[in-house]
Amino acid sequence: MIEPEAFPLIPLPSYLQVEVSGACNLRCVMCAAPLRRDNKPEGKAYMGPELFRRVVDRMEGLGRLHLQGLGEPLLNPHFFRMAAYAAGKGARVTASSNMTLIDERSAELLIESGLRCLHVSVDGASSGTYESIRKGASFRRLLANVELLGRAKGRASSPYPSLRMTAVLMRSNLRELAGLVGLASGLGMEEVFVQRLCHSFREPALPAHYAPMQEFFRKEDLEGVPPAVIEESFERAREAAAGLGIELRLPALLPCCGEKARSRCDWPWTGIYVSYQGYIMPCCMVSTPDRINFGLAGEEDIGAIWSGAAYASFRERLSSADPPEICRSCSLYSGTF
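At position 19 of the sequence shown (counting the first as 1) the number is 18 in numbering that gives the first Met the number 0, and the numbers step up by one without a gap.
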């Protein structure tokens with residue numbers, strides 16, 4: 000184990016991901032947000048502008064900032080000013096959204112904020128599938144809002160924010176992959192990024208209130224689905240993407256356990272993830288700071304945390320044959336994300 004006085008200072012990375020909102024207006028079946036308990040004491044589950052500026056200002060050489068977490072970023076009333084602040088400091092700012100809260104004015108503000116790319120979360124190509132996964136959402140409203148943003152970009156003669164579809168692949172939507180590619184093309188999106196479920200929530204030290212996520216993973220993960228069934232859906236999606244000129248990213252189906260750990264996950268060396276309360280975490284995959292965190296950005300120097308003993312120990316274990324328990328059930332670590 001690395002002794003506190005033995006590790007060198009490590010330059011801060013150029014990539015930062017900030018969970019500006021810890022709450023969501025939907026109840027997505029694959030998300031741990033409804034189960035989290037870390038937002039109750041504050042009474043509001045979003046990052047304030049002062050803490051945001053403090054985090055951004057301390058990230059010298061910040062090149063990329065992604066506004067995403069378990070919550071819906073547009074629920075933060077300061078979202079547009081936050082994006083504009085970081086963009087004004089030279090960062091390439093992107094965000095993820097379920098696009099259910101957009102109206103004419105917010106569409107204009109998305110453009111004016113300097114946001115370069117908006118990742119739109121869509122997990123079904125039909126209303127039945129989409130609304131069964133994104134509970135509380137309307138498929139028709141989603142399509143209307145994306146089109147609304149497209150018209151606003153046209154009026155402003157702006158190519159930004161560009162649009163990218165992200166989809167979480169589950170048994171429920173496996174057969175709609177080709178449909179998602181067609182939907183993305185029709186909505187003027189450039190890419191479809193398909194990922195597996197992030198984490199199985201199987202670590203022994205898992206807080207008890209996250210247990211429902213273990214059961215959901217067991218029911219919806221692709222493990223156990225015949226490879227031929229998966230490959231058939233993948234191939235139809237590839238053909239659709241090739242025909243429509245859409246960039247398509249599909250996840251791996253088998254773990255890459257033979258590769259070195261850092262080649263599978265370099266988060267603790269290349270990026271910082273900050274929760275809406277200011278907790279610095281090793282990555283976005285662990286979801287919540289009550290599972291693991293290295294300290295509060297608002298109370299400690301980010302550089303000191305980044306180069307500190309806890310982070311150093313975590314990196315050392317992640318590079319070894321005995322990774323941290325929370326990493327062992329992570330799809331990024333296994334290579335199947």
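Cβ atoms here follow ideal geometry from the backbone N, Cα and C, with glycine treated the same way.
No experiment lies behind these values; they were computed from the predicted model shown.
- Note that the region 131 to 142 does not touch the region 194 to 213; fewer than 3 beta-carbon pairs, one per stretch, sit closer than 8 Å.
- Cβ-Cβ distances below 8 Å link Phe192 to His118, Arg163, Met164, Thr165, Ala166, Arg248 in the same chain, with the five nearest sequence neighbours on each side left out; the list follows chain order.
- For the pair Pro72 and Phe79, the CB atoms are not nearer than the 8 Å cut-off.
- Secondary structure remark: continuous alpha helix (DSSP H) runs of at least 4 residues inside the region 171 to 196, in chain order: 176 to 185.
- The continuous alpha helix (DSSP H) containing Thr128 extends over residues 126 to 132.
- The beta carbon of Met169 is closer than 6 Å to those of Glu219 in its chain, skipping five residues each way along the sequence.
- Between Leu252 and Ile229 a beta carbon distance of about 6 Å is seen, short of the 8 Å cut, so the two are scored as contacting.
- Rounded to the nearest whole angstrom, the C-alpha separation of Glu238 and Glu189 is 16 Å.
- Ranked by Cα distance from Val28, the first of Asp122, Gly21, Leu61 is Asp122.
- Contact between Gly21 and Ser274 holds: their C-beta atoms lie close to 7 Å from each other, under 8 Å.
- Per the C-alpha coordinates, the member of Arg115, Ser286, Arg63, Ala143 positioned closest to Asn97 is Ala143.
- Counting only the Cα atoms, Glu315 lies some 8 Å from Pro322.
- Counting C-beta atoms within 10 angstroms of its own C-beta, Arg263 has 16 or more neighbours from the protein chains shown and is therefore classed as buried.
- Non-local C-beta neighbours of Phe138 in its own chain, meaning closer than 8 Å and more than five positions away in sequence, comprise Gly123, Ser125, Ser126, Tyr129, Glu130, ordered along the chain.
- Burial of Pro160 is indicated by the presence of at least 16 other C-beta atoms within 10 angstroms of its C-beta.
- In the three-state reduction of the DSSP assignment, Gly153 falls in the helix class, which pools H, G and I.
- Distance between Ala207 and Lys88, taken at the CA atoms: about 41 Å.
- Out of Thr269, Gly334, Arg327, Leu331, the CA that lies nearest to the CA of Tyr310 is found in Thr269.
- Under the DSSP assignment, Cys326 falls in the alpha helix (DSSP H) whose first and last residues are 324 to 327.
- Just so you know, the alpha carbons of Asn24 and Glu103 end up roughly 19 Å apart.
- In chain order, Val28, Met29 place their CB closer than 7 Å to the CB of Phe215, counting only its own chain and leaving out the 5 sequence neighbours on each side.
- With a contact defined as Cβ atoms closer than 8 Å, Gln194 and Pro250 qualify at about 6 Å.
- Listed as beta-bridge partners of Ile271 by DSSP are Leu15.
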